[in-house]
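First up is the structure itself, then whatever we jot down about it.
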Amino acid sequence: AQSVTQLDSQVPVFEEAPVELRCNYSSSVSVYLFWYVQYPNQGLQLLLKYLSGSTLVESINGFEAEFNKSQTSFHLRKPSVHISDTAEYFCAVSEDGSTLGRLYFGRGTQLTVWP
Amino acid sequence: DTAVSQTPKYLVTQMGNDKSIKCEQNLGHDTMYWYKQDSKKFLKIMFSYNNKELIINETVPNRFSPKSPDKAHLNLHINSLELGDSAVYFCASSSHAQDNQPQHFGDGTRLSIL
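Those sequence lines, one after another, are chains Y and G.
In this text, residue positions in the first sequence follow my numbering: the first is 1, and each later residue adds one.
In this text, residue positions in the second sequence follow my numbering: the first is 1001, and each later residue adds one.
Right, dumping it as structure tokens:
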């Protein structure tokens, strides 16, 4: 079974500052990687994904994440955050070759952006 | 035009009661899931169905019984509710379990046991 670690449970930052949310996973097999965002009282929304190809993936709202196979990491970054980015962020992993579509989630990182 | 819809959004009931949560997806997906999110926001998969067939059944009390009448619907019935069942329950769907494509989530059902 996979283990997904999000090292920071809470990350407070000021508006327009850069931010990095860290994610590490345990698998030694090929994986697919996802970041989901959850706004208060809502479900999870896909922010970005790595399935194959370029190790740097970007979202439409300025977030990016880089897949680092040697460090088994998929950290999420944004160069300048907005107050509207305040939300809970979840890293998730699924294993290549799995026929079950099982997603393993980290425990989440609460990003709070202050004015 | 919600892709994955759950009803009800809020459910407040007493210990010992039986309740159901419904989920429907209009994405044409083959696979549907139920997750439980606890008070610390940890997400844990409970069940998954692929084309109405149960493919994931985690260590969940047998008071929880999923039912999939067709591949667009996955309902969750809970018998003899306990205090520890209080949580947010999310339904999700994906195109095919073996594709490892992203899952689409509903807005959740907030279950509170009195």
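Where is the CB? At the ideal position from N, CA and C, for every residue including glycine.
Note that this is a predicted model, so its numbers are computed, not measured.
8 Å Cβ shell around residue i - same chain, five flanking residues per side excluded
i              : result
G108 (chain Y) : Q6, S9, Q38, E88, Y89, F90
V81 (chain Y)  : V13, E15, E16, A17, P18, V19, L111, V113
E64 (chain Y)  : L48, L56, V57, E58, L76, R77, K78
Contact belief for residue i with residue j at Cβ below 8 Å, rounded distance in angstroms
i               : j               : result
E20 (chain Y)   : I83 (chain Y)   : Their Cβ separation, rounded to whole angstroms, is 18 Å, which puts E20 (chain Y) and I83 (chain Y) out of contact at 8 Å.
Q1006 (chain G) : C1091 (chain G) : 5 Å
L1027 (chain G) : H1104 (chain G) : 6 Å
S1048 (chain G) : L100 (chain Y)  : 7 Å
M1015 (chain G) : L1114 (chain G) : 7 Å
Contact set for residue i: own chain, Cβ-Cβ below 6 Å, skip 5 residues either direction
i               : result
Y50 (chain Y)   : L33, V57, F67
P18 (chain Y)   : P79
V29 (chain Y)   : E95
V1088 (chain G) : Q1037, G1108, R1110
Pairwise C-alpha distance: residue j and residue i
i               : j               : result
V31 (chain Y)   : A1 (chain Y)    : 12 Å
Y36 (chain Y)   : L1011 (chain G) : 25 Å
P12 (chain Y)   : K78 (chain Y)   : 14 Å
L1043 (chain G) : D96 (chain Y)   : 21 Å
Y1040 (chain G) : G43 (chain Y)   : Sequence check: residue 1040 (chain G) is Lys here, not Tyr. Cα to Cα, the separation comes out at about 15 Å.
Y1035 (chain G) : C23 (chain Y)   : 21 Å
S1065 (chain G) : L1074 (chain G) : 10 Å
Y104 (chain Y)  : Q45 (chain Y)   : 16 Å
L1083 (chain G) : S1093 (chain G) : 28 Å
D85 (chain Y)   : A92 (chain Y)   : 19 Å
S27 (chain Y)   : V4 (chain Y)    : 9 Å
F74 (chain Y)   : N1017 (chain G) : 43 Å
N1062 (chain G) : Y25 (chain Y)   : 31 Å
S54 (chain Y)   : N61 (chain Y)   : 19 Å
V1004 (chain G) : Q1025 (chain G) : 4 Å
Residue-level contact to chain G via CB, residue i, 8 Å cutoff
i              : result
L100 (chain Y) : yes
Y25 (chain Y)  : no
E64 (chain Y)  : no
Q42 (chain Y)  : yes
K69 (chain Y)  : no
Y39 (chain Y)  : no
F105 (chain Y) : yes
D8 (chain Y)   : no
Residues near residue i in its chain [Cβ-Cβ closer than 7 Å; skip 5 each side]
i               : result
I1056 (chain G) : I1045, F1047, S1048
K1052 (chain G) : S1068, D1070, K1071
D1107 (chain G) : Q1006, K1009
H1029 (chain G) : S1093, S1094, S1095
Residue-level contact to chain Y via CB, residue i, 8 Å cutoff
i               : result
T1002 (chain G) : no
P1102 (chain G) : yes
F1090 (chain G) : yes
F1047 (chain G) : no
At least three beta-carbon pairs within less than 8 Å, the stretch 1068-1082 of chain G to the stretch 1011-1027 of chain G: Between the stretch 1068-1082 of chain G and the stretch 1011-1027 of chain G there are three or more C-beta pairs closer than 8 Å, enough to call the two in contact.
Tell me, please, whether the stretch 1064-1071 of chain G touches the stretch 69-80 of chain Y by the rule of three or more beta-carbon pairs shorter than 8 Å. Three or more beta-carbon pairs separated by less than 8 Å are not found between the stretch 1064-1071 of chain G and the stretch 69-80 of chain Y, which leaves the two stretches without contact.
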